[in-house]
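Trainee:
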Amino acid sequence: MSTVGSLTRDRTAAFGRGGAEPYDLALRGGGGRLDVVVDGRAATPLDVSLFLSDATEHERQLLGLTSGPVLDIGCGPGRIVRAAIEAGRLALGIDISSAAVSHARALGLPVLRRSVFDRLPAEGAWGAAVLLDGNIGIGGDPRLLLARASAMLGPGGRMLVETHAEPSRFASFDAQLVHPSGGRSAWFPWAEVGADAAGAFAAELGMNVRTVETGGRTFVLASR
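Structure, rendered in structure tokens:
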């Protein structure tokens, strides 16, 4: 561990966990914006309300670029899981947030409280592995994360990965979430990755890669 001021950093911590649990608090409160602190400086706030909304038409179209059962990694309250099911597909979401999982299950959605690095159902048989909303940052090691996501796929499966708007962006750092009430999470490792690096990591795994831009967002679509 290392410290910033009086705050203790735990590099084993996960997104938004520890401390006052501001992410779970925001979900239970119906959304709102959380401040994000990156290595001691303010970064772009996180709008939790977007996660509680329905999937956008652009997101539904993106799902249409994949086929077969969908594994949504870091699914939050489950909007992409719901969109996949509404499209007639099998789907499962995983998330470490108890509030996110509770919200999704209250809607009748199949979501597990589990990390992508835990043992998961049907490993090696999914048609699509989805990492949206900056979830390529999970764990702070995108190369390891994409290797794990790729291992979830069956032959011909595809990873759909949202990337940073800046194609050349590649940074790994410690981050912290701060609720409007002042409550803070523990520090956790995170990363921001543009399409260039994400595509290169997927290519290292022997995947065919293309970049997709829609709705003002950028994605890498990688096929086994």
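Numbering that gives the first Met the number 0 puts the first residue of the sequence shown at 0, with every later residue one more than the last.
Where is the CB? At the ideal position from N, CA and C, for every residue including glycine.
Predicted model, so just to flag it, every value in this text is computed and none were measured.
#1: Could you spell out where the beta strand (DSSP E) holding G155 opens and where it closes?
#2: For L111, which three-state DSSP category applies?
#3: Does T217 pass the burial test, meaning 16 or more other C-beta atoms within 10 Å, or should it be called exposed?
#4: For P141, does the three-state DSSP call read helix, strand or coil?
#5: Suppose the cutoff is 6 angstroms on Cβ atoms and the five residues either side in sequence are ignored; what does the same chain contact list for S5 look like?
#6: I'd like the list of long-range same chain contacts for R142, defined as Cβ closer than 7 angstroms, with 5 residues on each side in sequence excluded.
#7: Considering only C-alpha positions, which residue in the set G126, L24 and L145 is nearest to F116?
#8: What residues are listed by DSSP as bridge partners for L70?
#9: Go ahead and label L152 buried or exposed: buried means 16 or more other beta carbons lie within 10 angstroms of its beta carbon, across all protein chains shown.
#10: Does the distance from the C-beta atom of F14 to that of I137 stay below 8 angstroms?
#11: Looking at the structure shown, is P166 part of a helix, part of a strand, or coil, going by DSSP?
#12: So, using beta-carbon positions, are V129 and L89 closer together than 8 angstroms?
#13: Using C-beta distances below 8 angstroms, list every residue in its chain close to H57, excluding the 5 sequence neighbours before and after it, in chain order.
Mentor: Let me spell this out:
#1: L152 to T162
#2: strand
#3: buried
#4: helix
#5: Because the pLDDT of S5 is 31, which lies under 50, any placement of that residue in the model is unreliable, and the question is left without a value.
#6: F200
#7: Checking every option, the nearest Cα to that of F116 belongs to L145.
#8: L91 and A128
#9: buried
#10: Taking 8 angstroms as the Cβ cut-off, F14 and I137 qualify as a contacting pair.
#11: coil
#12: no
#13: T213, G214 and R216
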